[in-house]
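In what follows, a single structure is set out as structure tokens and then discussed.
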Amino acid sequence: MPPSSARDGGRQRPFRIGVDARELLGNRTGVGRYLAALCAEWRALPSHGPHEFVLFGQAPGDTPAVLGAPFEDEGNGPFRYQVVPGDGGTWWEQTRLAAAVNASEPDVLFAPGYAAPLRARMPVVVTIHDVSFETHPEWFSWREGMRRRWLTRRSAQRAARVVAVSGFTRDEVVTCLGVPRERVSVIWSGLHHVEQPRRVERESLVLYVGSIFNRRHIPELIRAFARVATAIPDAHLVLVGDNRSHPRQDLAHLASSAGVAHRVSVRAYVDEAELWSLYGRAAAFVFLSEYEGFGFAPLEAMAAGVPAIVGDTAVAREIYGDAARLVGVEDVPAIADAIVDVIRNGETHARLRAAAARRLPRFTWARAAAETLTVIENAGQSR
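Heads up: the sequence shown begins at 287 in the numbering used here, then just goes up one per residue.
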């Protein structure tokens, strides 16, 4: 029997993959974008081929179109949709979703966001993007941290296979969640489509794009920029992202205290046109995160032609390699020196852009989708 098929009453039928699709609904965060990108690749598989995907979600409807992209156009390839009424929360996941997948009886269930129904009777593949709730519980409320730790640990331990988005995350899954190393597969995510900015004159613009969390060290970036401003009189800093810091960081006050309020712009949101304008004008992208499971933002900046300066962490060394300038996230003088070097030194700028051009082809969703499908198939065969 081919590895991507099963038998039903003596005849061969498609290998059926259930997918927890709730993260495709509403305003998509990282998990939703991750799943949408995988589905966009799998959608190109033959409609009547060896695979069938059943998407489970809480939105009323009878076609995958209710989930939005990549199903908004006609023709859904090997996908179909099954509605599971409810709010899409943890109780829904563990009761209604569990009952629906058990009744549907797919060969395997794919859970793309940390947790899966613990009562699922088929093999489960779960993707874990990071385990910050284990390693940094101070970043979460008591209730939310407890929920994440309990449910993710049990989901990972019960899963037939775990997908980790980096080798760094795999090591933490093994160490913190107690999952045997041989059951964890490292699959790097792909790079979302990046619109190449129109060729314009680069400015002495330092750019940060991403949600603002305490772990991303924006205060250090602002203090470093104050040093940059004395060396490069026309430099300016633009911070783009929703402020989700806790305790909340007053970025405007920090800029004022550093004496650079008039040269720092804080934007909670910009539209696509303005974002690509910023990428087209920026001379440096700075992302001082001390913890990420993967880290998309610097890759997207590199793809837009902007050299990146990132926090020197294990995952940064794994993902970005020599394509980014690594600095200590609390070393303000070193951060400032790196920014000045990237802006002022043409050789540094050119070297980082050339390294990025070599690095970026490794991050494709076609590869990620193919590798993930292989893991899912192998898990299904273990039934």
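Where a beta carbon is used, it is the ideal one built from N, C-alpha and C, also for glycine.
Residue environment, Pro691, which counts as buried when at least 16 other CB atoms sit within 10 Å: Residue 691 is absent from the structure shown; the chain starts at 287 and stops at 669.
What is the rounded straight-line gap between the Cα of Ala515 and the Cα of Leu493? Counting from 1 along the sequence shown, the entry for residue 515 is found at position 229. Counting from 1 along the sequence shown, the entry for residue 493 is found at position 207. When only Cα atoms are considered, Ala515 and Leu493 end up about 14 Å apart.
Between Gly496 and Gly527, how many whole angstroms is the CB-CB distance? I'm expecting something under 8 Å. Looking up residue 496 in the sequence shown gives position 210. Looking up residue 527 in the sequence shown gives position 241. The pair is a contact, with the Cβ atoms about 5 Å apart (cut-off 8 Å).
Taking the beta carbon of Pro288 as the centre, do at least 16 other beta carbons fall within 10 Å, making it buried, or is it exposed? In the sequence shown, the residue the question calls residue 288 occupies position 2. Residue confidence is low: Pro288 scores 41 on pLDDT, short of 50, so the model does not pin down where it sits. Its coordinate-derived value is still stated next. With fewer than 16 Cβ atoms within 10 Å of its Cβ, Pro288 is classed as exposed.
With H, G and I counted as helix, E and B as strand and the rest as coil, what does DSSP make of Arg302? The residue you call residue 302 lines up with position 16 of the sequence shown. The three-state reading of DSSP puts Arg302 in strand, counting E and B together.
DSSP-derived helix/strand/coil call for Val470: Residue 470 sits at position 184 when you count from the first residue of the sequence shown. Looking at Val470 - three-state DSSP - the assignment turns out to be strand.
Between Ser418 and Tyr577, what straight-line distance do the alpha-carbon atoms span, to the nearest angstrom? Mapped onto the sequence shown, residue 418 falls at position 132. Mapped onto the sequence shown, residue 577 falls at position 291. So the two alpha carbons sit approximately 8 Å from each other.
Spatial neighbours of Gly597 in its chain, beta-carbon cut-off 6 Å, leaving aside the 5 residues before and after: Translated into positions along the sequence shown, residue 597 becomes position 311. Around Gly597: Leu574, Ser575, Glu576, Val615.
Residue burial classification, Gln535 (beta-carbon count within 10 angstroms, cutoff 16): Here residue 535 refers to the residue found at position 249 when the sequence shown is read from its first residue. By the 10 Å Cβ count, Gln535 comes out buried.
Leaving out five residues on either side along the sequence, give the residues of the same chain with a beta carbon under 7 Å from the beta carbon of Pro403. Here residue 403 is taken as the residue at index 117 of the sequence shown, counted from 1. The answer, listed in chain order, is Glu379, Gln380, Leu383, Ala384, Val387.
Opposing strand residues paired with Ile498 [DSSP bridges]: Here the question's residue 498 lines up with position 212 in the sequence shown. Asn529.
Since I believe Glu327 is in contact with Gly399 (beta carbons under 8 Å), could you give me their beta-carbon distance rounded to a whole number of angstroms? Taking the first residue of the sequence shown as position 1, residue 399 is located at position 113. Taking the first residue of the sequence shown as position 1, residue 327 is located at position 41. Gly399 to Glu327, Cβ: 18 Å. No contact.
In terms of alpha-carbon separation, which member of Val369, Ala589, Gly581 lies closest to Ala568? As a working mapping, residue 568 is identified with position 282 in the sequence shown. Residue Ala589 is the option with its Cα nearest to Ala568.
Does the beta-carbon distance from Thr658 to Leu341 come in below 8 Å? In the sequence shown, counting from the first residue as 1, residue 658 sits at position 372. In the sequence shown, counting from the first residue as 1, residue 341 sits at position 55. It is not a contact, given that the beta carbons lie outside the stated cut-off.
For the beta strand (DSSP E) that Arg645 lies in, which residues bound it at each end? For this step, residue 645 is matched to residue 359 along the sequence shown. Note, Arg645: premise wrong, no beta strand (DSSP E); alpha helix (DSSP H) at 632 to 645.
Pairs of beta-carbons, one from the region 507 to 521 and one from the region 618 to 633, closer than 8 Å: are there three or more? Contact between the region 507 to 521 and the region 618 to 633 is present, because at least three Cβ pairs lie under 8 Å.
With a threshold of 16 other CB atoms inside 10 Å of the CB of His503, please say whether the residue is buried or exposed. Reading the sequence shown from its first residue, position 217 is the one you call residue 503. When all chains shown are included, His503 counts as buried.
Kindly provide the ranges of any alpha helix (DSSP H) runs that are 4 or more residues long and lie completely inside the region 367 to 403, ordered along the chain. Qualifying alpha helix (DSSP H) stretches, in chain order: 384 to 390.
Going by C-alpha to C-alpha distance, which of Val552, Thr650, Ile498, Ser551 sits closest to Arg530? Here residue 530 is taken as the residue at index 244 of the sequence shown, counted from 1. Comparing Cα-Cα distances from Arg530 to each of Val552, Thr650, Ile498, Ser551, the minimum goes to Ile498.
Could you check if His548 is buried or exposed, using at least 16 other CB atoms within 10 Å of its CB as the buried criterion? As a first step, residue 548 must be located in the sequence shown, where it is residue number 262. So His548 ends up on the exposed side.
Tell me which residue opens and which closes the alpha helix (DSSP H) that Gly566 is part of. Counting from 1 along the sequence shown, the entry for residue 566 is found at position 280. First-last of the alpha helix (DSSP H) with Gly566: 558 to 567.
Are there 16 or more other CB atoms within 10 angstroms of the CB of His579, so buried, or fewer, so exposed? Reading the sequence shown from its first residue, position 293 is the one you call residue 579. According to the sequence displayed, residue 579 carries Gly and not His. When all chains shown are included, Gly579 counts as buried.
Whole angstroms is fine: what's the gap from Ala554's alpha carbon to Gly476's? Residue numbering aside, residue 554 sits at position 268 when the sequence shown is read from its first letter. Residue numbering aside, residue 476 sits at position 190 when the sequence shown is read from its first letter. Cα to Cα, Ala554 sits roughly 26 Å from Gly476.
Rounded to whole angstroms, what's the CA-CA distance from Glu360 to Val451? Just pull it up for me. Locating residue 360 in the sequence shown gives position 74, where the first residue counts as 1. Locating residue 451 in the sequence shown gives position 165, where the first residue counts as 1. Rounded to whole angstroms, Glu360 to Val451 spans 31 Å at the Cα level.
Can you tell me the Cα-Cα spacing of Arg644 and Gly453, whole angstroms? Residue 644 sits at position 358 when you count from the first residue of the sequence shown. Residue 453 sits at position 167 when you count from the first residue of the sequence shown. Per the coordinates, the alpha-carbon of Arg644 lies some 20 Å from the alpha-carbon of Gly453.
Considering just the uninterrupted stretch of the alpha helix (DSSP H) at Thr516, what are its terminal residues? The sequence position of residue 516 within the sequence shown is 230, counting from 1. 504 to 517 is the span of the alpha helix (DSSP H), which, as asked, contains Thr516.
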